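Below you'll find the structure, written out as structure tokens, and then a few comments.
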Amino acid sequence: MPFWTVEQQNLYFMLQKSQEPGNTIFKNVFSTITNLFDAKQPPYRILFQREPNATCLQIAVSDSQELIEAAWKWISINMIPELEEISSPFAREEWVVKKMNQIVSATTADNETDDLLHDDDIRNASRTFRQTFDVPSSERLVNYYSCSCNSRQGWMYISENYLGFYSYLIGFELKILIELKDIKDIIKEPIRKLFRHSMRIITKENQEYLFANMFKREEVYDLLVQLTGDSVHRLLKNSHSSAFRSSSFEQLSVNDKSIGSSDRRPSEIASNNNPLKHVLEHRKRNENFRQLFRLPQEEELIDTINVCYMFDLEPASFPETLGKTRYPGRLYQSQNFLAFESFDKISANEHDRPLCTFILPLYTITRFERINNNTYRSALLFKTWHKMTHVLKVEAEKTACEQFCDTLKEGLEANVSKMKGALRPFLMTCKSEELIDGPIHVKNTIGGLGLQFGYHSDSTQVKDHKKLTIWKNYFNDNGRNLTLVRQPIFAKMIRAGIPNCLRGEVYEMCSGSIYLRFANQGVYDQILESHKDDRSPSLDDIEKDLHRSLPEYPAYQAPDGIDRLRRVLTAYSWKNPEIGYCQAMNIVTSSLLIYMTEEQAFWTLNSLVDQLCPGYYSSSMYGVLLDQVVLEELVKKYIPKVTEHFQRKEIQLSVACLPWFLTLFINSMPLPFAFRILDCFFMEGPKVLFQIALAILKRHEKELVKVEDDSELLVVVKEFFASLNLPVDDATKEEDDANKLEIFNSLMKSAYSDFPKVTSYKINQLRKQNELKIIGGVESFTKRNALRNIKNNANFGPDEISLIYDYFFGALYYAKDHQDKSSVPEMDLTAFTRMVENMTTWAKLNDNSSTATNDEDLMVVKEVLQAFIQRLFDYFRPENKSGITLQDAVSKLGEILRGDVMSKSAFFFALYDQDKDGELNNIDLHTMSTELFLLMNLLDTDVDKWDVICNFITLSAEQANEQDVVDTLHQQLQDVSATEQQQQQQQKTSPLDSKYFVDHANKIHNAIMGPDAPCIKITLPSLRMIILTEDRLDQLIQTDIPQSFRLQKALVERQKGLGHEIFEALFIEGKKLANNMAAGSSTAAVTSAPSPSVSSERRSLSSIPPPAIPTSKPPSKTSRSSIVGKSEDDEEEFELV
């Protein structure tokens, strides 16, 4: 092994250290090759020596010598004695492997890193990622890819919260680390000759990074879109903008129903031996499955299998014929559902709606049978509650079919109780059961307000009856409500208009809310009952809008209609307090209540807000703003003249179109036509809104290219909607109705025929491409509002408060415990610690900040530092509050960073006066001295740190003790050995030595808390005088500590090309060589007198003279003004600066 040297070895194990080439050129070449081939390994490893062959078994690796030596010691004590008793070499190897597996299993439960992954590549890459970049040890890597940046080939690392790039070429290193929440845009660049498969990343600070030579660009793009979407939505939720509640951006919930999906992160539920990449793929697969069939959020895809659905086929005819109608497709299985989707689409567009689909809840399947014909040919037979038989030919291997059937049987058994106890009562609430003779007989089902106040329909009673007959026949042949099969004619029936009495139930079936209502029977009434004596925070807003809801419909001018609407909106505000109530919810809900019961409308509203229109009904209206950008992209593609004209005239299309989307055209169209649009919307999703909007704009293209401003645009669209709602004249009513219906039908025809490529897939693609831009705007708006509401800015400038905001909410973003989003954002100790670590130069202890030789010493350092941060947290947090708000953080930071020595002295006094008695005693002084000593070491101030602390303690003791006691204390503190003097010299040039700190912390303890320690009590005025006396302590409080807070935006250095950097390096090395040669040619011996040692003399408070009267002569710019005097007791001079 040419690159490894043996450090220690025994009969069974060897400890090795990696050996890099000594020659600088070879070392750079070696490092370059290691980086390019991703072959970087930890510098230390322990191998088990196999006797039967030459290869060894690697059992431990480490990045530090201390840890690997501790592992070696443990092995020597716990494993070697056991191995000596085993004679067989094969048995020894088997025992070692078993022992290592036991250790891994015992460690898995508490380990939150990738170190225990079964995937060796991801595990090694994750270790390299955490070694290379300053990220938390718990950061989980998703994947890594080879690419180039700034003409440097390297590796891109994508973790849950970061994007990193690392390159090392011929001695030149490039590191880039970007937080995913700071990414503003991700752009796939067009293919060029030099930069093939490139992608551009733009951050919120407008920094651009071009990554090229990506062989898996599409995979990287999809992964980054998914992770950045999660990141920015989590950031918005922490800032309480209630921006988005879509299943596409909820946090992962896999196999854990105790915690909501919105409160979980991928890394929080990913097992330690399962790569995060697989967890994200699993989540994405589940999201696509739920979105495809509009299933409840808790459903997870268990298995899929390719089948051929043979509609209307009896089992006996299976061997002879393939049936009248065949639909090849895929059968999906989740915990509670069996769903089918055909491969064939209704059009040539592969992303269009499938020809045939069905969703069968497992609690509606009364019989399941597997039909076998030969080894590789079988079929599945299902009989539903409504006596309908489904036969599906399985087009898969026998083992795959058996696995699918076994899982399905378990699901059916788990749903038997639902079938027996809940199915019959639920079906009695469905209107379709009243129309069709079936297993149960239903009469007079409860309906919506239309039963009492009439329906506003575009169909006459005769036409509505004809439609109802068609729907009854369809239900007889294809099932109904929970067991409906959607044949190609189903969409045509809906576009023609749904019968009034069935409209509410069809909306339920198409939106998926019928499954929510079944799974939560009685929950709506329970919500109302449990909160009947409570007042909803949203009630005032609800009351304002109640009488504005469809004023043209008579039910909302009567108490019955208003009460129903109030109850539904109030119940939703209790169920979802994060959103509560938002504008336009009343419009949609009031429309639903015409055809639905309160419970039906309540669950349909849930599906509408969470799945169909995500982000529409929120305080930021993020979803509807995003869809306006998507609409503008579509208008640019299909009606380019309108886009060009609007850009020239600076006309905003959203001025007219945003209300269309927000109210689903209910407030724009006459009610009869608005319900026709809702029919299509619930079946086909939001794409219908875009198609109709494009049809309206295309219909008036000639008028739109002539408008001059926004007001004229509104006039054009209002005239069109007015043409659909002409005044009713009895003499011409029939003719007017026909004209209006003809206009509407032509509009719908144009929407479907002129824009068939506007599919749900296309809409989702455009949403993903533009969502980061919209979120950036929403985030900026939220930030401006938050900064505007800060009452006390503590003398901070706008840029500084903006940075404090970023630190505050950045810390909340990474906090794992999830607070109540309906309250003011507050940070706990964990989040506060992270904020301080990011904000200061001293709060984070990494491997380079300490030269620890003993883990126990390092632990003491960490405990003292954490105690100081805890003390800051307690001071920042107001009394009777559990956390720190943004206003608290700004105010308290102002006390540390702004103000004079008096206010800062008061801050430190209050920080350590734990009992609030107005005095600091021995315990308080001991804690204060120890933590200040640690701060001075972490800040690496250019003073004798120990001498500063000695003087501080001595000056404090002078307040209540005789001079001889003070002298004894001073002598005890200054009794420094030769070894300690050497350590003090090393402290000036080296990082914090934990052993040095612990030794001196013990000395502080013995001096202040020992049996012979003097009694010390100091007040605030005394502390101020001590700080003024010890100028180095004054500098620490007034200068060093405030300067350690990063409240200025870091300047981003412009990236240089590799050739430019090589030239610069050669120039600098050549300059150094020339200087050395010039210095060596000089023959004159230059000697310098030794600089006098600066010893800090102990200062005494009793020797402070009266204030000097300043003269009119101004002080010299190069000199320091001072007051000099002598103490009457010890005749020592002192200088007060």
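Numbering (full-length UniProt numbering), first residue to last: 1 to 1137. Even for Gly, the Cβ is constructed at its ideal location relative to N, Cα and C. The model shown is predicted, which means the values in this text are computed figures rather than measured ones.
Is residue i helix, strand or coil when you go by DSSP?
| i | result |
| --- | --- |
| residue 843 | coil |
| residue 60 | strand |
| residue 444 | coil |
| residue 159 | strand |
| residue 609 | helix |
| residue 81 | helix |
| residue 935 | helix |
| residue 836 | helix |
| residue 950 | helix |
| residue 205 | coil |
| residue 7 | strand |
| residue 1042 | helix |
| residue 792 | coil |
| residue 916 | coil |
| residue 296 | coil |
| residue 152 | strand |
| residue 329 | strand |
Measure how close the beta-carbons of residue i and residue j come, nearest whole angstrom, since I'm counting them as under 8 Å.
| i | j | result |
| --- | --- | --- |
| residue 843 | residue 930 | Contact flag wrong, Cβ pair sits at about 16 Å. |
| residue 593 | residue 449 | 6 Å |
| residue 699 | residue 750 | 7 Å |
| residue 479 | residue 388 | 5 Å |
| residue 508 | residue 604 | 6 Å |
| residue 686 | residue 763 | 6 Å |
| residue 476 | residue 436 | 6 Å |
| residue 912 | residue 928 | 5 Å |
| residue 954 | residue 966 | 6 Å |
Measure the Cβ-Cβ separation of residue i and residue j and say whether it is below 7 Å.
| i | j | result |
| --- | --- | --- |
| residue 997 | residue 861 | yes |
| residue 141 | residue 167 | no |
| residue 554 | residue 453 | yes |
| residue 399 | residue 385 | no |
| residue 724 | residue 740 | yes |
| residue 538 | residue 581 | yes |
| residue 877 | residue 869 | no |
| residue 63 | residue 42 | yes |
| residue 310 | residue 391 | yes |
| residue 611 | residue 504 | no |
| residue 230 | residue 204 | no |
| residue 65 | residue 47 | no |
| residue 956 | residue 1027 | no |
| residue 529 | residue 567 | no |
| residue 333 | residue 303 | yes |
| residue 713 | residue 775 | no |
| residue 133 | residue 83 | no |
Can you say whether residue i is buried or exposed, counting buried as having 16 or more other CB atoms within 10 angstroms of its CB?
| i | result |
| --- | --- |
| residue 949 | buried |
| residue 462 | exposed |
| residue 1004 | buried |
| residue 552 | exposed |
| residue 3 | exposed |
| residue 5 | exposed |
| residue 19 | exposed |
| residue 97 | exposed |
Kindly examine the ligand MG and report whether one of its heavy atoms sits closer than 6 Å to the Cβ of residue i.
| i | result |
| --- | --- |
| residue 1018 | For the ligand MG, the structure offers nothing, since it holds no ligand at all. |
Does residue i come within less than 7 Å of chain C when only Cβ atoms are used?
| i | result |
| --- | --- |
| residue 950 | No chain C is part of this structure, which consists of one protein chain only. |
**Runs of beta strand (DSSP E) lying entirely within the stretch 630 to 679, each at least 3 residues, in chain order** = Fully enclosed beta strand (DSSP E) runs of 3 or longer: not present.
**Item:** Residue ranges of each alpha helix (DSSP H) within the stretch 543 to 588, 4 or longer
**Value:** 559 to 575
**Message:** Quick check on the DSSP output: what are the complete beta strand (DSSP E) runs of length 3 or more inside the stretch 376 to 430, in order along the chain?
**Reply:** 377 to 384 and 389 to 394
**Prompt:** Which ranges would you report for the beta strand (DSSP E) in the stretch 494 to 531 if only whole runs of at least 3 residues count?
**Reply:** none
**Runs of alpha helix (DSSP H) lying entirely within the stretch 679 to 762, each at least 4 residues, in chain order** = Along the length of the stretch 679 to 762, whole alpha helix (DSSP H) runs at least 4 residues long occupy 687 to 699, 701 to 704, 710 to 723 and 733 to 754, reported in chain order.
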